[in-house]
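Reading through the structure tokens given below for one structure.
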Amino acid sequence: MADDPAATGHGFDLDQRLREREHVNLRRHLDTAAAVAKRTRFVDDSTTGPTADAERLVFASNNYLGLATDDRVQRAAACGARRVGTGAGASRLITGDTGAHRELERDLAACKGADRALVFSSGYAANVGTIAALDPDVIFSDALNHASIVDGCRLADAETIVYDHCNPDDLRDRMAARERVAEASEDWLVVTDTVFSMSGDVAPVADCCAVAEAFGAWTMVDEAHATGVFGDGGGIVTREGLADRVDVQMGTLSKALASQGGYVAGDESLVEYLLNAARSFVFSTGLAPPAAAAAREALRIARDGERTVQLWENVARIREGLESMGYDVRGETQILPVWVGDRRDALALSKRVRERGVLATAIRPPTVPPGSSRIRVTPMATHTDADVRTCLDAFETAGEEVGLL
Ligand SMILES: *Cc1c(COP(=O)(O)O)cnc(C)c1O
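Per full-length UniProt numbering: the sequence shown = residues 1 to 405.
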């Protein structure tokens with residue numbers, strides 16, 4: 001190592017890179033207050049506001065059904081640890097394959113109307129591993145797809161054609177244009193999120209399938225925010241009866257299913273191929289057994305539907321309340337993007353809402369396009385009537401303070 005890195009000219013000036021982000025309001029910080037599973041959380045805000053160490057309501061997590069702190073799910077995790085062990089100990093292909101994995105995969109496949117499912121150590125690993133293993137020649141990817149899909153396309157080193165968000169006509173035009181120069185042996189993949197995490201809208205999956213089918217291409221969907229919430233737990237594909245038309249149903253165990261890990265469901269040959277060829281599966285330790293056991297129990301509870309009814313009641317009340325104040329609330333799912341536009345306004349609103357006892361995150365570039373900053377409000381099934389009122393009061397007062405209402 002050189003005595004003086006600056007003198008060599010080849011060091012990394014990370015402090016400078018961080019300052020540049022800070023300067024354009026894009027620096028991010030870890031925040032224990034936001035990283036929560038419960039619907040309430042005590043946070044020490046002594047440095048930021050008058051209500052130090054107060055209890056905050058969490059309207060910012062992906063734990064939509066509140067199952068991460070559910071007794072039954074917690075017990076299932078503990079039982080998984082006792083019965084199988086805290087870790088899988090090795091890759092599934094070595095000695096890490098356990099009953100906890102097999103039981104979860106069987107239930108996931110049944111829920112999704114698929115032959116078989118395969119669990120990965122995260123949703124991110126499922127996306128990058130699956131897309132790279134499929135090794136497509138051309139990928140058609142929705143403009144707002146999740147970063148893990150984007151990274152999967154990069155890792156696959158495929159020609160990636162981005163189509164307009166949720167626009168099957170644009171998808172068809174781009175596929176037709178590409179068809180004119182295609183070779184017969186090319187493998188094409190159309191890939192889309194079903195529920196978009198930052199805009200709360202739903203992809204027209206049936207239309208995308210129809211377009212893909214017209215070109216003999218495969219369709220892959222990412223149900224991260226739909227699994228456990230729509231279609232009796234199975235997601236949008238299940239809700240719309242498309243299991244036979246979607247070739248690759250991917251999702252995560254880390255959102256409504258309150259655990260950790262990702263999965264892919266599809267036909268026998270897909271799963272058999274992925275467990276041979278997906279490097280993020282082959283060369284990574286098997287999903288931790290407590291996570292597998294917890295996800296399985298959460299899936300069972302989600303499928304029974306009672307939590308979902310509570311979730312939709314809370315979503316409707318928050319949406320109607322915010323809209324009646326004059327907020328522009330977009331989307332059509334449990335994810336409520338409260339449109340602000342300017343990133344500084346979004347930060348200010350989020351901070352004021354937090355001072356009033358509610359955690360809701362400001363979403364800024366590069367997560368979303370410039371000029372479309374928003375507050376992402378995610379109600380949970382376990383929020384009480386009083387929680388809903390607190391949230392609405394916080395947004396009303398904060399919106400007036402910031403000058404948005
Ligand atoms: C969260 C998310 C992922 C990644 O899942 P993890 O299990 O958190 O790694 C993938 N796709 C989408 C759409 C997501 O929202």
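Here a beta-carbon is modelled for each residue, glycine too, at the ideal position from N, C-alpha and C.
Remember, predicted model here, so these are calculated numbers, not experimental data.
Worksheet item: From which residue to which residue does the beta strand (DSSP E) around F283 run?
Response: Membership of F283 in any beta strand (DSSP E) is not indicated, and neither H nor E is assigned to it by DSSP.
Discussion item. Using a Cβ-Cβ cutoff of less than 6 Å, which residues in the same chain neighbour V246 once the five nearest sequence positions on both sides are dropped?
Written reply: Cβ neighbours of V246 beyond the five flanking positions: T219, V221 and V237.
Worksheet item: What is the DSSP secondary structure of D222, counted as helix, strand or coil?
Response: Secondary structure of D222 (DSSP, three-state): strand.
Worksheet entry | Every unbroken alpha helix (DSSP H) inside the stretch 113–180 [4 residues or more] | For the alpha helix (DSSP H) assignment, the uninterrupted runs of no fewer than 4 residues enclosed by the stretch 113–180 are, from N- to C-terminal side, 123–134, 147–156 and 168–179.
Worksheet entry | Collapsed DSSP secondary structure at M325 in the structure displayed | M325: helix per DSSP, three-state reduction.
Fill in: Integer-rounded CB distance, given that N63 should sit under 8 Å from M380
Between the beta-carbon of M380 and that of N63 there is about 6 Å, and that keeps the pair under the 8 Å contact cut.
Item to complete: Give a yes or no on whether the C-beta atoms belonging to L275 and L404 are separated by under 7 Å.
Response: Using a Cβ distance threshold of 7 Å, L275 and L404 do not count as a contacting pair.
Practice prompt. Determine the direct distance from the alpha carbon of R239 to that of L14, and round the result to whole angstroms.
Written response: Taking C-alpha positions only, L14 is separated from R239 by approximately 47 Å.
Discussion item. Report the CB separation of E268 from D164 in whole angstroms; it is logged as a contact under 8 Å.
Written reply: Going by Cβ atoms, the distance from E268 to D164 rounds to 35 Å, so no, they are not a contact pair.
Worksheet entry | Beta bridge counterpart(s) of V58 as assigned by DSSP | Bridge partners of V58: L359.
Discussion item. Please state the DSSP three-state secondary structure of Q249.
Written reply: DSSP, read as helix, strand or coil, puts Q249 in strand.
Discussion item. Could you tell me the alpha carbon to alpha carbon distance between A348 and A360, rounded to whole angstroms?
Written reply: If you draw a straight line from the Cα of A348 to the Cα of A360, it comes to about 12 Å.
Worksheet item: Less than 6 Å between the CB of H146 and some heavy atom of ligand 1, yes or no?
Response: With a threshold of 6 Å, the Cβ atom of H146 counts as near ligand 1, since some heavy atom of the ligand is closer than that.
Discussion item. Can you tell me whether V388 is buried or exposed? The criterion is at least 16 other CB atoms within 10 Å of its CB, across all chains shown.
Written reply: With a threshold of 16 other beta carbon atoms within 10 Å, V388 meets it and is buried.
Worksheet entry | Cβ-Cβ separation, L65 to residue 421 (assumed contact under 8 Å), whole Å | This structure cannot speak to residue 421, because the chain is shown only from 1 to 405.
Practice prompt. Run the proximity test for S122: is its beta-carbon closer than 6 Å to any non-hydrogen atom belonging to ligand 1?
Written response: Between ligand 1 and the CB of S122, the shortest heavy atom gap is smaller than 6 Å.
Item to complete: Give the straight-line distance between the Cα atoms of A88 and A293, rounded to the nearest whole angstrom.
Response: Straight across, the Cα-Cα distance linking A88 with A293 is about 12 Å.
Worksheet item: Taking Cβ to Cβ, would you say R303 is nearer than 7 Å to G233?
Response: In contact: R303 and G233 (Cβ atoms closer than 7 Å).
Worksheet item: Short check: CB of V162 to CB of S141, under 7 Å?
Response: With contacts defined by Cβ atoms closer than 7 Å, V162 and S141 form a contacting pair.
Item to complete: Go ahead and pull the three-state DSSP assignment for T227.
Response: In the three-state scheme derived from DSSP, where H, G and I count as helix and E and B as strand, T227 is classed as coil.
Discussion item. Measuring alpha carbon to alpha carbon, tell me which residue in A126, R19 and C391 is nearest A265.
Written reply: If we check each option's Cα against that of A265, A126 comes out closest.
Item to complete: Using 10 angstroms around the beta-carbon of E223, count the other beta-carbons present and answer buried if the total reaches 16, otherwise exposed.
Response: So E223 counts as buried.
Worksheet item: Beta carbon of S280: closer than 6 Å to some heavy atom of ligand 1?
Response: Relative to ligand 1, even the nearest heavy atom lies 6 Å or more away from the CB of S280.
Worksheet entry | Local conformation of A88 per DSSP, three classes | Coil, per DSSP.
Item to complete: Run the CB neighbour count on A2, radius 10 Å, all protein chains shown included, and call it buried at 16 or more, exposed below.
Response: Because the pLDDT at A2 is just 48, under 50, the model does not fix this residue reliably, and the value given afterwards should be weighed accordingly. Burial is judged here by how many other beta carbons sit within 10 angstroms of a residue's own beta carbon; A2 has fewer than 16 and is exposed.
Discussion item. Just to confirm my understanding: we take R172, look at its own chain, exclude 5 residues before and 5 after, and list those with CB closer than 7 Å. What are they?
Written reply: Hits under 7 Å: V211.
Item to complete: Could you say which of V338, R296 and A203 lies nearest to V315 if we only look at CA atoms?
Response: Closest in C-alpha terms to V315, from the list V338, R296 and A203, comes V338.
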